[in-house]
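According to the numbering used here, the sequence shown holds residues 30 to 232 in order. Note that the Cβ used here is the ideal one computed from N, Cα and C, for glycine as well. Here is the structure we will look at.
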Amino acid sequence: MSDHPRLPGLLAGDEQLADTAAAWPVISTQVVFDSDYLSVTVDTIADAGGAQHARSVVRPHGAVGVIALDEDDRILLVQQYRHPVGRRLLEIPAGTLDVPGEAAADAAARELAEEADIVADEWSSFLTLHATPGYSSERWEVFLATKLSPVPPEHRTTRVAEEADMQQWWVPFGEAVAAVFDGRITDAMTVAAILGVQARRSG
30 MSDHPRLPGL
40 LAGDEQLADT
50 AAAWPVISTQ
60 VVFDSDYLSV
70 TVDTIADAGG
80 AQHARSVVRP
90 HGAVGVIALD
100 EDDRILLVQQ
110 YRHPVGRRLL
120 EIPAGTLDVP
130 GEAAADAAAR
140 ELAEEADIVA
150 DEWSSFLTLH
160 ATPGYSSERW
170 EVFLATKLSP
180 VPPEHRTTRV
190 AEEADMQQWW
200 VPFGEAVAAV
210 FDGRITDAMT
220 VAAILGVQAR
230 RSG
(Lines of atoms letter the chains of each structure in order from A; the text may use other names.)
(Lines give C-alpha, C1' and ligand atoms only; values in the text may rest on other atoms or scores of the structure.)
Protein backbone atom coordinates (compact mmCIF):
# COMPACT_ATOMS: atom_id res chain seq x y z
CA MET A 30 0.00 0.00 0.00
CA SER A 31 1.05 3.60 -0.50
CA ASP A 32 -0.13 6.99 0.74
CA HIS A 33 -2.98 8.71 -1.04
CA PRO A 34 -1.41 11.57 -3.07
CA ARG A 35 -3.74 14.23 -1.63
CA LEU A 36 -5.97 12.88 1.13
CA PRO A 37 -5.33 11.07 4.43
CA GLY A 38 -5.19 7.30 4.12
CA LEU A 39 -3.65 4.56 2.02
CA LEU A 40 -4.22 3.45 -1.56
CA ALA A 41 -5.24 -0.19 -1.86
CA GLY A 42 -2.70 -2.14 -3.85
CA ASP A 43 -2.50 -5.76 -4.90
CA GLU A 44 -3.51 -7.03 -1.48
CA GLN A 45 -6.72 -9.04 -1.26
CA LEU A 46 -9.55 -6.79 -0.12
CA ALA A 47 -11.07 -8.53 2.90
CA ASP A 48 -11.95 -8.22 6.55
CA THR A 49 -9.23 -9.66 8.78
CA ALA A 50 -9.27 -11.48 12.10
CA ALA A 51 -8.13 -9.52 15.15
CA ALA A 52 -8.58 -9.67 18.91
CA TRP A 53 -7.69 -7.11 21.56
CA PRO A 54 -7.07 -8.63 24.99
CA VAL A 55 -10.20 -9.02 27.11
CA ILE A 56 -9.41 -8.00 30.68
CA SER A 57 -12.81 -8.94 32.10
CA THR A 58 -16.35 -9.90 31.03
CA GLN A 59 -19.55 -9.20 32.95
CA VAL A 60 -22.75 -10.94 31.88
CA VAL A 61 -25.62 -8.49 32.36
CA PHE A 62 -28.37 -10.44 30.56
CA ASP A 63 -28.78 -14.00 29.35
CA SER A 64 -31.67 -15.77 27.60
CA ASP A 65 -32.29 -18.57 25.11
CA TYR A 66 -32.12 -15.99 22.30
CA LEU A 67 -29.16 -13.80 23.23
CA SER A 68 -26.82 -12.61 25.95
CA VAL A 69 -25.44 -9.17 26.72
CA THR A 70 -21.99 -8.68 28.21
CA VAL A 71 -19.81 -5.75 29.15
CA ASP A 72 -16.26 -6.57 28.04
CA THR A 73 -13.28 -4.55 29.21
CA ILE A 74 -10.67 -4.62 26.43
CA ALA A 75 -7.14 -3.26 26.22
CA ASP A 76 -5.84 -1.35 23.19
CA ALA A 77 -2.29 -1.51 21.84
CA GLY A 78 -1.16 1.15 24.30
CA GLY A 79 -2.59 -0.70 27.28
CA ALA A 80 -5.55 1.64 27.87
CA GLN A 81 -8.75 -0.14 28.89
CA HIS A 82 -12.19 0.41 27.36
CA ALA A 83 -15.62 -0.97 28.34
CA ARG A 84 -17.65 -2.30 25.43
CA SER A 85 -21.23 -3.58 25.62
CA VAL A 86 -21.71 -6.60 23.35
CA VAL A 87 -25.01 -8.18 22.29
CA ARG A 88 -24.46 -11.86 21.49
CA PRO A 89 -27.33 -13.46 19.51
CA HIS A 90 -27.07 -16.94 18.01
CA GLY A 91 -26.75 -15.63 14.45
CA ALA A 92 -29.27 -15.92 11.64
CA VAL A 93 -29.90 -17.05 8.09
CA GLY A 94 -31.95 -15.60 5.26
CA VAL A 95 -33.28 -17.01 1.97
CA ILE A 96 -33.51 -15.37 -1.45
CA ALA A 97 -36.21 -17.53 -3.06
CA LEU A 98 -36.72 -16.85 -6.77
CA ASP A 99 -39.38 -18.55 -8.88
CA GLU A 100 -39.21 -19.40 -12.57
CA ASP A 101 -40.68 -16.01 -13.53
CA ASP A 102 -38.04 -14.03 -11.59
CA ARG A 103 -40.31 -13.17 -8.70
CA ILE A 104 -38.73 -12.93 -5.26
CA LEU A 105 -40.52 -14.22 -2.18
CA LEU A 106 -41.06 -11.64 0.55
CA VAL A 107 -42.88 -12.21 3.81
CA GLN A 108 -44.71 -9.38 5.54
CA GLN A 109 -44.34 -9.66 9.29
CA TYR A 110 -45.14 -7.47 12.30
CA ARG A 111 -41.97 -6.29 14.07
CA HIS A 112 -42.78 -4.92 17.50
CA PRO A 113 -39.49 -3.02 18.15
CA VAL A 114 -40.07 -0.77 15.12
CA GLY A 115 -43.87 -0.79 15.20
CA ARG A 116 -44.25 -1.78 11.56
CA ARG A 117 -45.10 -4.71 9.30
CA LEU A 118 -41.91 -5.20 7.34
CA LEU A 119 -41.36 -6.87 3.99
CA GLU A 120 -38.48 -9.30 4.41
CA ILE A 121 -36.92 -12.33 2.83
CA PRO A 122 -37.66 -15.49 4.84
CA ALA A 123 -35.17 -15.59 7.71
CA GLY A 124 -34.61 -16.87 11.19
CA THR A 125 -32.16 -17.45 14.00
CA LEU A 126 -29.77 -20.34 14.44
CA ASP A 127 -31.70 -21.63 17.43
CA VAL A 128 -31.38 -25.40 16.90
CA PRO A 129 -28.17 -26.68 18.55
CA GLY A 130 -25.73 -28.13 16.04
CA GLU A 131 -27.85 -27.23 13.00
CA ALA A 132 -25.84 -26.16 9.93
CA ALA A 133 -26.68 -22.77 8.44
CA ALA A 134 -27.86 -24.31 5.15
CA ASP A 135 -30.21 -26.66 7.02
CA ALA A 136 -31.55 -23.75 9.06
CA ALA A 137 -32.24 -21.80 5.86
CA ALA A 138 -34.18 -24.73 4.39
CA ARG A 139 -36.12 -25.09 7.63
CA GLU A 140 -37.01 -21.38 7.72
CA LEU A 141 -38.19 -21.38 4.10
CA ALA A 142 -40.47 -24.34 4.83
CA GLU A 143 -41.74 -22.91 8.13
CA GLU A 144 -42.40 -19.36 6.94
CA ALA A 145 -43.53 -19.97 3.36
CA ASP A 146 -44.44 -23.67 2.96
CA ILE A 147 -41.79 -24.00 0.25
CA VAL A 148 -38.84 -26.30 -0.42
CA ALA A 149 -36.05 -25.77 -2.95
CA ASP A 150 -34.01 -28.24 -5.01
CA GLU A 151 -31.07 -25.88 -5.56
CA TRP A 152 -29.23 -23.95 -2.84
CA SER A 153 -26.11 -21.80 -2.75
CA SER A 154 -24.54 -19.53 -0.16
CA PHE A 155 -24.84 -15.95 -1.41
CA LEU A 156 -23.87 -13.34 1.21
CA THR A 157 -22.25 -13.17 4.63
CA LEU A 158 -23.03 -10.12 6.76
CA HIS A 159 -22.34 -8.75 10.22
CA ALA A 160 -25.54 -7.03 11.27
CA THR A 161 -24.34 -4.30 13.62
CA PRO A 162 -20.67 -4.97 14.46
CA GLY A 163 -20.34 -1.85 16.58
CA TYR A 164 -22.15 -3.60 19.43
CA SER A 165 -23.28 -7.05 18.29
CA SER A 166 -21.52 -10.29 17.36
CA GLU A 167 -24.42 -11.38 15.16
CA ARG A 168 -23.47 -12.94 11.83
CA TRP A 169 -25.91 -13.54 9.00
CA GLU A 170 -25.60 -15.94 6.05
CA VAL A 171 -27.98 -15.49 3.13
CA PHE A 172 -28.71 -18.34 0.73
CA LEU A 173 -30.11 -18.37 -2.81
CA ALA A 174 -32.88 -20.93 -3.33
CA THR A 175 -34.29 -21.91 -6.74
CA LYS A 176 -36.31 -24.74 -8.32
CA LEU A 177 -39.05 -24.28 -5.77
CA SER A 178 -42.03 -26.44 -4.91
CA PRO A 179 -44.73 -26.36 -2.22
CA VAL A 180 -44.59 -28.32 1.00
CA PRO A 181 -47.50 -30.83 1.04
CA PRO A 182 -50.35 -29.44 3.19
CA GLU A 183 -50.11 -32.28 5.70
CA HIS A 184 -46.44 -31.45 6.39
CA ARG A 185 -46.79 -27.70 6.83
CA THR A 186 -45.83 -25.93 10.04
CA THR A 187 -48.46 -24.33 12.25
CA ARG A 188 -47.20 -20.76 12.62
CA VAL A 189 -47.65 -18.94 15.93
CA ALA A 190 -47.33 -15.41 17.38
CA GLU A 191 -46.15 -12.86 14.79
CA GLU A 192 -45.60 -15.62 12.21
CA ALA A 193 -49.27 -16.62 12.41
CA ASP A 194 -50.11 -13.19 10.99
CA MET A 195 -47.44 -13.39 8.29
CA GLN A 196 -48.31 -12.92 4.61
CA GLN A 197 -46.28 -14.26 1.68
CA TRP A 198 -45.84 -12.03 -1.36
CA TRP A 199 -44.29 -12.91 -4.74
CA VAL A 200 -42.82 -9.68 -6.11
CA PRO A 201 -41.29 -9.09 -9.57
CA PHE A 202 -37.59 -8.73 -8.85
CA GLY A 203 -37.28 -5.34 -10.55
CA GLU A 204 -40.14 -4.01 -8.41
CA ALA A 205 -38.32 -5.20 -5.27
CA VAL A 206 -35.20 -3.29 -6.32
CA ALA A 207 -37.27 -0.14 -6.86
CA ALA A 208 -38.91 -0.58 -3.45
CA VAL A 209 -35.48 -0.67 -1.80
CA PHE A 210 -34.41 2.60 -3.41
CA ASP A 211 -37.76 4.23 -2.63
CA GLY A 212 -37.42 3.33 1.06
CA ARG A 213 -40.44 1.01 0.98
CA ILE A 214 -38.31 -2.02 1.94
CA THR A 215 -35.99 -1.25 4.85
CA ASP A 216 -35.02 -4.53 6.55
CA ALA A 217 -31.21 -4.64 6.37
CA MET A 218 -30.81 -8.29 5.41
CA THR A 219 -33.49 -7.97 2.74
CA VAL A 220 -31.98 -4.79 1.29
CA ALA A 221 -28.52 -6.41 1.13
CA ALA A 222 -29.93 -9.55 -0.48
CA ILE A 223 -31.93 -7.73 -3.17
CA LEU A 224 -29.11 -5.35 -4.05
CA GLY A 225 -26.61 -8.22 -3.99
CA VAL A 226 -28.60 -10.13 -6.61
CA GLN A 227 -28.96 -6.96 -8.69
CA ALA A 228 -25.23 -6.22 -8.49
CA ARG A 229 -24.28 -9.76 -9.50
CA ARG A 230 -26.58 -9.55 -12.50
CA SER A 231 -25.17 -6.18 -13.51
CA GLY A 232 -21.58 -7.38 -13.20
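{"Query": "For the pair the region 187-203 and the region 104-116, tell me if three or more CB-CB distances fall below 8 Å.", "Result": "yes"}
{"Query": "Locate the beta strand (DSSP E) running through Gly203, then write down its first and last residues.", "Result": "That residue, Gly203, is in no beta strand (DSSP E); its alpha helix (DSSP H) goes Phe202 to Phe210."}
{"Query": "Just tell me which of Thr161, Tyr164, Ala160 and Ala136 has its CA closest to the CA of Trp152.", "Result": "Ala136"}
{"Query": "Does the distance from the C-beta atom of Leu66 to that of Thr125 stay below 8 Å?", "Result": "Here residue 66 is Tyr; the residue named in the question, Leu, does not match the sequence. Contact: yes."}
{"Query": "Would you grab the beta carbon distance between Thr73 and Ala83 for me? Rounded to a whole angstrom, and I think it's under 8 Å.", "Result": "5 Å"}
{"Query": "Following the continuous beta strand (DSSP E) through Val69, name the residue where it begins and the one where it ends.", "Result": "Leu67 to Ala75"}
{"Query": "Going by DSSP, what residues sit across from Leu40 in a beta bridge?", "Result": "Ser31"}
{"Query": "Check Val220 in the structure and name its three-state DSSP category.", "Result": "helix"}
{"Query": "Taking the DSSP output, what are the residues bridged to Gly94?", "Result": "Ala123 and Val171"}
{"Query": "DSSP has Ser85 in a bridge; who is on the other side?", "Result": "Val71"}
{"Query": "Out of Leu156, Val189 and Arg116, point me to the one whose CA is closest to Ala228's CA.", "Result": "Leu156"}
{"Query": "Is Pro34 close to chain D, meaning its C-beta is less than 8 Å from at least one C-beta of that chain?", "Result": "Within the model displayed, chain D is absent; a lone protein chain is all it includes."}
{"Query": "Going by the CB atoms, is the gap between Gly91 and Trp169 shorter than 8 Å?", "Result": "yes"}
{"Query": "Check for me: the beta strand (DSSP E) holding Asp63 runs from which residue to which?", "Result": "Val55 to Asp63"}
{"Query": "Taking Arg111 as part of the beta strand (DSSP E), name the residues at either end of that continuous run.", "Result": "Arg103 to Arg111"}
{"Query": "Using DSSP with H/G/I as helix, E/B as strand and the rest coil, what is Gln197?", "Result": "strand"}
{"Query": "With a cut-off of 8 Å on the beta carbons, I'd call Phe167 and Pro89 a contact; round off their distance for me.", "Result": "The question names Phe, but residue 167 in the sequence shown is Glu. Confirmed, Cβ separation roughly 5 Å."}
{"Query": "Between which two residues does the beta strand (DSSP E) containing Leu156 stretch?", "Result": "Ile147 to His159"}
{"Query": "Out of Trp198, Glu100 and Pro34, point me to the one whose CA is closest to Arg117's CA.", "Result": "Trp198"}
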